[in-house]
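Chemist: The sequence shown: position 18 = 18 (the UniProt record's numbering), numbered continuously. Note that the Cβ used here is the ideal one computed from N, Cα and C, for glycine as well.
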Amino acid sequence: MFRFVHAADLHLDSPCKGIGKTNAEVGKILRAATFEAYDNLIQLCIDEQADALLIAGDVFDGADHSLVGQIKFVELAQTN
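1) Let me check one thing: in DSSP terms, what residues is His11 bridge-paired to?
2) Specify, as a first and last residue, the run of the beta strand (DSSP E) that Ala50 falls within.
3) Where Leu67 and Leu76 are concerned, what is the direct C-alpha to C-alpha distance, given to the nearest angstrom?
4) To the nearest angstrom, how far is the alpha carbon of Phe2 from that of Glu25?
5) Between Thr22, Leu41, Ile19, which has its C-alpha nearest Asp9's C-alpha?
6) If we ignore side chains and look at the alpha-carbon of each, how far apart do Val74 and Gly27 end up?
7) List the DSSP bridge partners of Ala56.
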């Protein structure tokens with residue numbers, strides 16, 4: 001049996017523009033939450049012994065590909 005995990009629209013390191021402008025601290029927490037969710041997704045794949053992770057939709061937030069987001073995306077995928 002082939003087991004896979006499907007996820008979509010990660011939007012890693014999304015600046016949460018509307019919230020971040022009104023409350024910088026909440027914006028910072030939400031940006032960090034995108035990485036925590038991705039880390040949890042990778043851990044789920046490990047725990048469930050998934051054969052593959054299928055990511056559909058946006059990994060990053062439109063054309064805003066932060067370097068931090070790109071590095072963390074690759075690092076987590078490679079180390080796990």
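Modeler: The short version:
1) Beta-bridge pairing links His11 to no other residue.
2) Taken as a continuous stretch (DSSP letters only), Ala50 belongs to no beta strand (DSSP E), as it is neither H nor E.
3) 14 angstroms
4) 42 angstroms
5) Leu41
6) 23 angstroms
7) Ala8
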